[in-house]
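Given below as structure tokens:
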């Protein structure tokens, strides 16, 4: 049986039933069926439908259904506030609304057509089942942004709120003994626990201070009172009373033990309960004192963080290892951020130290706790300075993640090499997605799990042949498909770079021939040159396109936080990615020596180790475009003809 299959409503119904069974059985834990899950889906579908289908056929159908469901949810999200037709399972929209929506969505120059028209009269079939199967894995582009996008200006310091602010130390007056300090905490900064404990402690102290001095009963007198209450020997209550009487603070009770004794066993039980609560409050007071009122000894280090940074500047090799750039590039970056993007020093932390802490975090990568210890700064200071530098780099990204020549009036020098010219003369760069590993909350795991099996953000980027990023979109959960991110970027971000000549139907995305050797390592590991027009085209196409692997390889080798961004908020993770892209471009534009870039410049076919996360998924819409297929075939024919084939 071929890979294509006919799908009637009955077969779709059976597919949904077996998928829901496997989901309930726990065989789709991260939004992806396990090996056992797929095996069961294939066998159960054949049993229910009487028609044997391959795993590939079932998966392809689920992908098609998920794509349709995603388009419908996009339509539903942008049509809020309108009516709902239960019979047709779709949104009720007026003619005026549709005219405005289509005018906004359609773009003939970019080849974009609105996908929502198909739901104008009827929603998707089996909508309830689609919600069950794809609801948790459905993602939208609401969180996606590019450099300079208005939505990317949202606050990125939301993680700082999770770090406790250090207590303020104030000097109450000149007559106070040197070295003493008073801890002052604003009322709204106290936790409910701390407020309750403090209030009860103060009340207890005030009450004891106001009480007159009373005669404290002896143990013998107290025991007599207990027996007078009618408590029998060798009982649990007698044991409790005896234990309490041995404590002087219990027998004091402001002279009220006699009054309590008059209440009999009931009074004694109330007294025991009060004593238990007093003991708990005492423990709470001790805990509060140890945590908030007793300051530990100051850390004694052989050198401060800024002293360490300045010392390493005299040792460029070690400075590069720590901060992933040379001292010359560091100073150039620092001066630019200070003069143009608002980086400044505070009373206690210089701008140089702030930048060094940030680079050590994203380059090492180092945790905030490690930076706190090494730079002898509070965790609050580390967080604050990290986000200050991050904000400045986001501003830099707006200016430097752009084409040097927005009109692309000049061809890149590499395209003028004999093997590429004139066949690829209109190319402006390469486009692809790469998965950046991120740590997310448990309820976001499914939507962020990519086809590699880990949680990620799928970053779409365009690179020129100088290994510079000229456009990027971050913020999409890892489960989002490259083609969807591309279509969303074309429709929503005016800064998306377009080829100089344009194409009649859509952006000129030139894909390789499928089913033929493509990647450079595949050609290297076999004997003989490429054979036939398809292999010749793919080899040259791959030689140009490998700027993707080299660019992302350098990016992840240099800024190693991108190999696994910690559990910041989704917004901060997105901003960290953009900041690293901006740092990448700054180092590249500096024209100063850099180890990672020099390796790639020495061999244009050189690939760094970590390039496995770049995506091989081609844009289905682009590859199916007849215009681009015709151009690709024409180039392949010209290449083989020039070789005498």
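Residue numbers (the UniProt record's numbering): 1 to 645. A virtual CB, placed ideally from N, CA and C, is assigned to each residue, including glycine.
Beyond the five residues adjoining it in sequence on each side, residue 638 comes within less than 7 Å, by CB distance, of 423 in the same chain, given in chain order. Sequence-distant partners of residue 517 (beyond 5 residues in either direction) whose C-beta falls short of 7 Å from its own C-beta, in its chain, are 523, 535, 538. The continuous stretches of alpha helix (DSSP H) do not include residue 25, and DSSP gives it neither H nor E. With a cutoff of 8 Å on beta-carbon distance, residue 565 and residue 437 are scored as near each other.
In the DSSP assignment, residue 534 falls within the unbroken alpha helix (DSSP H) covering 532-545. Here residue 580 is buried, its C-beta having at least 16 other C-beta atoms within 10 Å. For residue 142, there is no enclosing beta strand (DSSP E), as DSSP marks it with neither H nor E.
Remark: C-beta atoms of residue 146 and residue 456 do not approach each other more closely than 8 Å. With fewer than 16 other Cβ atoms inside 10 Å of its own Cβ, residue 443 counts as exposed.
Taken atom to atom, the span from the alpha-carbon of residue 490 to that of residue 112 is near 8 Å. Here the C-alpha atom of residue 362 lies approximately 39 Å from the C-alpha atom of residue 60. In this structure, the CA atom of residue 633 is about 51 Å from the CA atom of residue 339. Residue 85 carries a strand assignment under DSSP once its states are collapsed to helix, strand and coil. With a cut-off of 8 Å on Cβ pairs, the stretch 322-340 is not in contact with the stretch 282-290, counting fewer than three such pairs.
Within the DSSP bridge table, the entry for residue 553 names no partner. Residue 119 is positioned such that its CB atom lies closer than 8 Å to that of residue 72. In the DSSP assignment, residue 40 falls within the unbroken alpha helix (DSSP H) covering 35-49. Residue environment for residue 95: exposed (fewer than 16 other C-beta atoms within 10 angstroms of its C-beta). Beta-bridge partners assigned by DSSP to residue 446: none are found.
In this structure, residue 542 lies near residue 519, with their beta-carbon atoms less than 8 Å apart. Where residue 482 is concerned, the enclosing alpha helix (DSSP H) starts and stops at 482-492. Boundaries for residue 333: no beta strand (DSSP E) harbours it, while the alpha helix (DSSP H) harbouring it runs 327-340, taken from the DSSP string.
Residue 341 places its beta carbon less than 8 Å from that of residue 392.
In the same chain as residue 355, and ignoring 5 residues on each side of it, the C-beta atoms closer than 8 Å to its own belong to 330, 333, 334, 337, 343, 389, in chain order.
According to the DSSP secondary-structure assignment, residue 463 is paired through a beta bridge with 430, 469.
Excluding its 5 nearest sequence neighbours in each direction, residue 88 has C-beta neighbours in its own chain below 8 Å: 121, 122, 123, listed in chain order. Rounded to the nearest whole angstrom, the C-alpha separation of residue 106 and residue 571 is 29 Å. Where residue 571 is concerned, the enclosing alpha helix (DSSP H) starts and stops at 570-589.
DSSP places residue 90 inside the beta strand (DSSP E), whose first and last residues are 90-92. Within the same chain, Cβ atoms closer than 6 Å to the Cβ of residue 129 are found at 16, the five residues on either side in sequence being excluded. The C-beta distance from residue 479 to residue 31 rounds to 6 Å, short enough to fall under 8 Å. Residue environment analysis places residue 600 among the buried positions, since at least 16 neighbouring C-beta atoms fall within 10 angstroms of its C-beta.
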